[in-house]
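Quick notes on the structure that follows.
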Amino acid sequence: MTTTTAAAPPQAIPPDDGTVPAPAPRTRRKLTPYWLLLPGIAWLVVFFAVPMVYQASTSLQTGSLEDGFHVTWHLATYWDALVEYRWHFVRSFGYAATATLLCLAVGYPLAYTIAFKAGKRWRNVILILVIAPFFTSFLIRTLAWKTILSDGGPVVGALNALHVLDVTSALGLTSGDRVLATPLAVVCGLTYNFLPFMILPLYTSLERIDPRLHEAAGDLYARPFTTFRKVTFPISLPGVVAGTLLTFIPASGDYINAQLLGSPSEQMVGNGIQKQFLNVLDYPTAAALSFILMALILGMVTVYMRKAGTEELV
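Under UniProt numbering, the sequence shown has 87 at position 87, and the numbering climbs by one with no breaks.
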């Protein structure tokens, strides 16, 4: 006895009405990250790329404010600006490097204490105290240092009594019995203003270290200093790199501290840019100085990152 199976009826083909099917959900998921990046990209284009292009064209112009400036591809402006302000660059990088080292020397022990020694309650209190200066204007904080380092103030009096100023004067950091209008005052201002930029990355890096690593080093009869040298410091290197970059880069272009705490002989390249833009009204030279400063910082950061041997910034 044979059985036959009925064939399934053919499915109807929908008519071609010219409509395009909706994109697959997978396609929309692929495009979502790009749509999320669009606001940030637009922000960078409008407020970074476009001003950079305009600044580059300004650096290649010649003329005057009365007759107007025109792009003439005058590359000699860069060389003239570098020769005229070469000592400003030297002072800028020297002050910034010194302030960065001081911030590291002060910030690392504090960040270590916050991460490992302070309890949870005191940890939050100390972190608030570190961040608290950001609630005050940068200008006001620098003016406060002008009062602290005044000639008749208690700080200068204590330094004189301890004969510290005799040593700093011999090193060329101060002049006689005063601290204001000297390189030491500028470095002190830079160190204070940018110290939180060093402490926070260091704390973030140290806080991630598993305490069991310290216990394991102790079980292997490692002394505390050996544990720090072999375990803690190598693991915290990303924080050191991030902190030094966040401190050195803005300190190199700063001009407020040199303007308020220094004298004309302590002027940094930021003061030269301000002078050319606002006083002399030589816009091509000011733009050229800005590009030279940016190129030098970019080169030094690139070399530093390669020497540091880490790209994991925290």
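Positions of the beta carbon are idealized from the N, C-alpha and C atoms, including for glycine.
Everything numeric in this text was worked out from a predicted model, so none of it was measured.
- Shown here, residue 179 sits in coil according to DSSP, grouped into three states, outside any helix or strand.
- When rounded, the separation of the alpha-carbon atoms in residue 280 and residue 64 is 11 Å.
- Taking the Cβ atoms as the reference, residue 272 lies roughly 6 Å from residue 289, within the contact range of under 8 Å.
- Checking the DSSP bridge columns, you'll see residue 168 has no partner listed.
- Residue 107 is classed as buried because its beta carbon has at least 16 other beta carbons within 10 Å across all chains shown.
- Beyond the five residues adjoining it in sequence on each side, residue 183 comes within less than 6 Å, by CB distance, of 173 and 266 in the same chain, given in chain order.
- In terms of CA proximity to residue 110, 196 leads the group 244, 140 and 196.
- In the structure shown, residue 267 adopts coil according to DSSP, grouped into three states.
- Taking C-alpha positions only, residue 43 is separated from residue 53 by approximately 15 Å.
- Taking each of 159, 99 and 130 in turn and checking the Cα distance to residue 201, the smallest one comes out for 130.
- Annotation for residue 70: the continuous beta strand (DSSP E) segment containing it runs 68–71.
- Residue 194 holds the alpha-carbon nearest to the alpha-carbon of residue 134 among 226, 58 and 194.
- Residue pairing from DSSP places residue 62 in a beta bridge opposite 70.
- For residue 140, the secondary structure class from DSSP, reduced to helix, strand or coil, is helix.
- If you draw a straight line from the Cα of residue 100 to the Cα of residue 247, it comes to about 6 Å.
- Taking all protein chains shown into account, residue 29 has fewer than 16 neighbouring C-beta atoms within 10 Å of its C-beta and is therefore exposed.
- Between the alpha carbons of residue 257 and residue 138 lies a gap of roughly 10 Å.
- Comparing alpha-carbon positions, the option among 232, 191, 198 and 148 lying closest to residue 178 turns out to be 148.
- Judged by DSSP secondary structure, residue 94 falls within the alpha helix (DSSP H) whose first and last residues are 86–112.
- It is roughly 48 Å from the alpha-carbon of residue 204 to the alpha-carbon of residue 62.
- The residue among 151, 304 and 293 with its C-alpha nearest the C-alpha of residue 91 is 293.
- Secondary structure note for residue 302: its alpha helix (DSSP H) is the uninterrupted segment 283–308.
- About 16 Å separates the beta carbon of residue 243 from that of residue 300, a gap too long to meet the 8 Å contact definition.
- Comparing alpha-carbon positions, the option among 85, 259 and 112 lying closest to residue 233 turns out to be 112.
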